[in-house]
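Inspection log for the structure reproduced underneath, given as structure tokens.
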Amino acid sequence: MTPLRRHLRHLRRWLAYGLAVLLIVAAVLVGVANRLLPLLERHPERVAGWLSERVGQPVRFERLHAGWTRRGPLLGLERLEIGAGAEALRIERAELLVAIYSGLVPGLPLTELRLRGLALDLERDDDGRWRARGLTGEARADSDPLGTLDGFGEIQVRAARLRVNAPSLGIEYTVPRIDLRLRSSGGRLRAGLLGWAGQAPPLQAVVELDRARGDGRLFIGGDDLQLAEWAPLLDWGGVALRDGRGRLGFWLELHAQRVTAVQAEAELEQVALRGRTPIPLADEEAGVIEPRAGFDRVDVALRWRTDESGWQLHAPRLRLDHGGETMTLDGLYAAGGDGFGLAAEGIEANPLLALAALSDKLSPEQRRWLYFAAPRGRIEALRLARAGARFRGEVRLRDFGWLPIGQQPALQGLGGELHFDQDGAELVLAGDPVRFDWPVGFAAPLDVRLDGTLAVWREGDAWRVGSDRLRIEGGDYAATARGEMRFDGQGRRPRLDLAATVDAGPATAAKRFWVLHQMPDAAVEWLNTAIEDG
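Okay, so the sequence shown: first residue is 166 according to the working numbering, each after it adds one.
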């Protein structure tokens with residue numbers, strides 16, 4: 166045997182002996198400490214003094230219970246009071262674990278304070294600052310609310326109730342149960358939270374925060390979430406969640422306790438939405454209807470950021486599936502501040518308009534038309550800019566249309582370029598095939614081609630709609646029309662001036678244009694029978 170191997174064998178032997186001695190000493194110390202626990206119960210003032218020195222705050226309690234766990238002594242404290250004066254924290258029951266093993270490892274806390282059944286509040290002020298209350302009392306706006314608990318190492322809260330209150334966002338919701346773990350040391354807060362609102366998997370939250378500056382990062386989300394359980398937290402713009410399930414995640418950046426950036430990703434299935442405000446029907450005696458919308462699958466990636474100049478929103482991925490059809494809104498961009506801007510290319514208008522019908526930000530008449538007419542089509546390009554009361558924009562449409570409502574007709578297949586501002590709008594038609602459907606008026610839909618320009622403009626309180634040339638071509642008929650309709654803004658019937666040149670065609674084509682709901686049935690029957698040719 167070489168000298169090196171002999172020395173290594175002796176070294177292994179002494180290491181084994183040393184480890185055995187350490188284990189024996191540790192076992193003896195644990196046994197002695199276990200025997201001393203009744204002594205702690207008889208002298209609670211010494212424990213209170215040790216805690217006061219460690220925490221840096223006056224610590225008092227009325228009764229102490231001591232027990233031993235695999236990690237170290239566990240002290241049960243009744244009517245615990247930490248701090249002094251109005252900002253003192255008072256807890257009916259608490260547990261303090263002294264982790265004599267892991268506490269010796271650098272970076273791990275020696276003590277853990279365990280609390281149960283607290284009522285916590287997370288509030289958002291009118292200036293956009295978020296504050297936590299309930300764990301440390303009603304702290305002043307300029308104070309450090311966790312300073313009272315700084316010396317305890319780790320805080321564990323079990324089976325607590327969390328109320329989220331943000332009046333300016335229309336949010337007031339109580340999470341029935343949360344479990345919380347946080348460590349506050351060196352001016353930094355690290356915390357993890359699990360929240361249950363029902364039987365589904367919990368919502369998760371992780372935060373890292375600079376307590377002095379209020380800067381940090383926050384994640385909120387979870388897998389296989391049941392969205393109906395968290396619906397009050399996800400309402401926006403008068404649109405409420407009814408159902409849905411899937412993965413949802415929000416990554417937030419915080420500055421001075423304000424949210425300054427959000428990245429959101431979602432993969433959801435069977436999403437059902439409703440409008441919080443019902444839509445009154447045209448016939449007031451018929452009552453109201455609760456508007457609803459739904460999607461089989463939602464795949465979203467959004468980025469939102471705000472700074473001194475305003476906010477920006479970008480949707481690099483926004484896809485909605487419904488009835489086997491995938492509607493893509495990738496690339497949507499919006500920005501706001503002193504003004505507002507919106508830009509998009511190659512997106513489907515259907516889901517945006519369906520969601521707009523749910524929102525209470527529009528008038529009842531606008532919501533009613535959007536909901537029942539169900540406009541749909543493709544927006545090849547969209548640009549919108551607003552500054553104060555002035556705005557301008559342009560939209561390039563393709564295959565746009567809507568359903569008939571009551572006595573209002575429908576169009577399908579409309580395309581062209583729309584330019585508009587606060588004083589009017591102009592639509593340059595693309596000349597594509599269009600279907601005009603007026604069930605109460607015409608006996609059958611009309612398939613025509615429209616070419617020309619339609620304009621809407623303001624004159625004081627009045628509005629005018631017209632065209633200097635509108636070409637209409639059907640299968641066996643055609644006409645070129647010009648004219649305008651004037652609305653005086655007083656609710657009276659509009660004035661119509663119209664001139665048209667009708668191309669030569671068979672007289673039987675006129676049968677398509679009888680206005681059925683305005684003409685007697687006998688007259689319609691006589692005309693259809695009498696006109697045979699010409």
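Idealized CB from N, CA, C, for every residue including glycine.
Unbroken alpha helix (DSSP H) stretches of 4 residues or longer found wholly inside the stretch 543-609: none. In this structure, R657 lies away from M650, with their beta-carbon atoms at least 9 Å apart.
Residue environment: S333 is assigned as exposed (fewer than 16 neighbouring CB atoms within 10 Å of its CB, all protein chains considered).
Taken atom to atom, the span from the alpha-carbon of Q477 to that of A595 is near 33 Å. The closest CA to that of G501, considering only G381, L345, E430 and W469, is found on W469. Its Cα nearest to that of R634, the residue A664 stands out among Q655, A664 and G606.
DSSP, reduced to helix, strand and coil, places F415 within a strand of the structure shown. In the three-state reduction of the DSSP assignment, V680 falls in the coil class.
Look at Q222 here: in three-state DSSP terms it is coil, with no helix or strand label. Nearest neighbour of A521 by Cα position, chosen from F565, A466, G403 and D616, turns out to be G403. If the five residues before and after D464 are omitted, its C-beta is found closer than 7 Å to the C-beta atoms of E432, R482 and R484, all from its own chain and listed in chain order.
C-alpha of A393 to C-alpha of L406: approximately 6 Å in a straight line.
Scanning G496, L611, I265 and F537 for the CA closest to the CA of A480 turns up G496. Rounded to the nearest whole angstrom, the C-alpha separation of F505 and A608 is 45 Å. Within the DSSP secondary-structure output, Y498 pairs in a beta bridge with H479 and A508. Q531: member of the alpha helix (DSSP H) spanning P529 to A538, first to last residue. Cα atoms of V371 and R533: separation of roughly 42 Å, rounded to the nearest angstrom. Burial state of A325 is buried, judged by a 10 Å Cβ sphere holding 16 or more other Cβ atoms. DSSP places D448 in the coil class of the three-state scheme, outside both helix and strand. Burial check for V667: the Cβ neighbour count within 10 Å stays below 16, so the residue is exposed.
Remark: three or more beta-carbon pairs, one from each stretch, lie closer than 8 Å, so the stretch 453-462 and the stretch 437-444 are flagged as touching. Rounded to whole angstroms, the Cβ separation of L383 and L417 is 4 Å, and the two are in contact under 8 Å. The residue among G648, G654 and L261 with its C-alpha nearest the C-alpha of D662 is G648. DSSP lists no bridge partner for N515. Around the beta carbon of W215, fewer than 16 other beta carbons lie within 10 angstroms, which makes this residue exposed. In the structure shown, S333 falls within a helical segment according to DSSP collapsed to helix, strand and coil. With a 10 Å radius around the Cβ and a threshold of 16 neighbouring Cβ atoms, P671 comes out exposed.
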